[in-house]
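This report concerns only the one structure given below.
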Amino acid sequence: MTGDASKFIDFTPKRSGHVTYGDNNRGKILGIGKIGTNFSTSVENVLLVEGLKHSQLSVSQLCDKGF
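Residue 64 in UniProt numbering is what sits at position 64 of the sequence shown, and the numbering runs on without skipping anything.
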């Protein structure tokens, strides 16, 4: 998850859904896509979340990609 739309190399807007944080606050999902420097070095299915100040990274997703 990220709150920075400029990180995306591919993006699909999404107008529904929320994520719930550990403190029970929620963030609105604005879309989903790929982030990275190019399509061969990218992470897929990254959510753009409104107001998220720090990006969250899934270590298991990186392992699945072979990083």
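A virtual CB, placed ideally from N, CA and C, is assigned to each residue, including glycine.
- Put simply, the backbone Cα of P13 is about 4 Å away from that of G31.
- If you check the CB distance, G51 and G27 come in under 7 Å.
- An exposed status is given to T37, since fewer than 16 other beta-carbon atoms sit within 10 Å of its beta-carbon.
- Here the C-alpha atom of S16 lies approximately 20 Å from the C-alpha atom of K53.
- A direct Cα-Cα distance of roughly 19 Å separates S6 from S58.
- Cβ-Cβ distances below 8 Å link Y21 to G27 in the same chain, with the five nearest sequence neighbours on each side left out; the list follows chain order.
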